[in-house]
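To start, the structure under review is shown below, and the notes come after it.
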Ligand SMILES: [Zn+2]
């Protein structure tokens, strides 16, 4: 089968490797229909985080090709959404809604030995707990793109909003206008925010999409200037809830500076050289929650919202290609020519 293999900084190559088979009785193998490139894959592509020379990618939807003998809820032929982490769905952490901390869990395509999603086939451990079986059939391309977004970005943006405890009528600040930040805007809107201020780039296509998703204000300056601008927009109060969707030091510094006293920063950007100020946050009663999003916990709710037409997270995909063009899919995002790249791998 064909699979994208990470070859080192700046290089991804499609290679023929053996098709995966079920190893454990709780495994399934999924034939990938759509996959995509994540902002967190760019940490490897840019040489910032290490990744071995192996399969990569962790966002995919597809059709179940085979199942192990202990798989009960998922059957061959099911059309499924795979969250970026696998989980049994039954351990105490899963039951508490934190499937990314599952005691039998792990992550796809992050170099720890599990298959990557930018491939024709993926072995999915803990299939019953992991895979979300999509009801119905005959979905439009737009709908499929939105289902794909539920494998990570949309669920991650939603986790930022849930972690920041966004409530009806809140003024919400979203730090970052990448695919996760944009999904955070959709999520804040879904949870009833009345004002959504995006602190992001100078890319107008991102601003347009942010506004389409519900953003009311855009701040495209950075650092202290961005903090001052947000304070001006909120009459010196700050944001009721802050979604940190980047992970850099600057983004975190900004996020904690714009949180009003008593607010929570919901963080989903993987922190890189970030220090959270213990004193400043203490004296303003600012808290934080968040981490790797338990996307599996949110899929049903977000799937229903997609089917109702309340959200269209698939709109974040502004570059569509196939697996053979994986290098370009990464480069388009690396060079910020695309918000997010979608890969057509096969058809349902
Ligand atoms: Zn678990």
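In my numbering, the protein residues as written are 1 to 348.
Heads up, the beta-carbon is just placed ideally off N, CA and C, and yes, glycines get one too.
Quantities reported herein were computed from a predicted structural model and do not represent experimental measurements.
- Judged by their CB atoms, residue 80 and residue 133 are nearer to each other than the 8 Å cut-off.
- Residue pairing by DSSP places residue 85 opposite 107 in a beta bridge.
- Distance from the C-beta of residue 87 to the nearest heavy atom of ligand 1 is below 7 Å.
- The DSSP-derived three-state label of residue 274 is coil.
- The beta carbons of residue 172 and residue 181 sit no closer together than 8 Å.
- Closest option to residue 266, judged by alpha-carbon separation, among 289, 272, 256 and 298: 289.
- Annotated three-state conformation of residue 239 is strand, per DSSP.
- Judged by DSSP secondary structure, residue 206 falls within the alpha helix (DSSP H) whose first and last residues are 204-213.
- At a cut-off of 3 residues, the continuous stretches assigned as beta strand (DSSP E) that sit fully inside the region 107-140 are 121-124.
- Relative to ligand 1, residue 200 has its C-beta separated by 7 Å or more from all heavy atoms.
- The beta carbons of residue 98 and residue 294 sit closer together than 8 Å.
- A direct Cα-to-Cα measurement between residue 46 and residue 9 gives close to 6 Å.
- Per DSSP, the continuous beta strand (DSSP E) segment holding residue 12 begins and ends at 12-16.
- Of the heavy atoms belonging to ligand 1, at least one sits nearer than 7 Å to the Cβ of residue 103.
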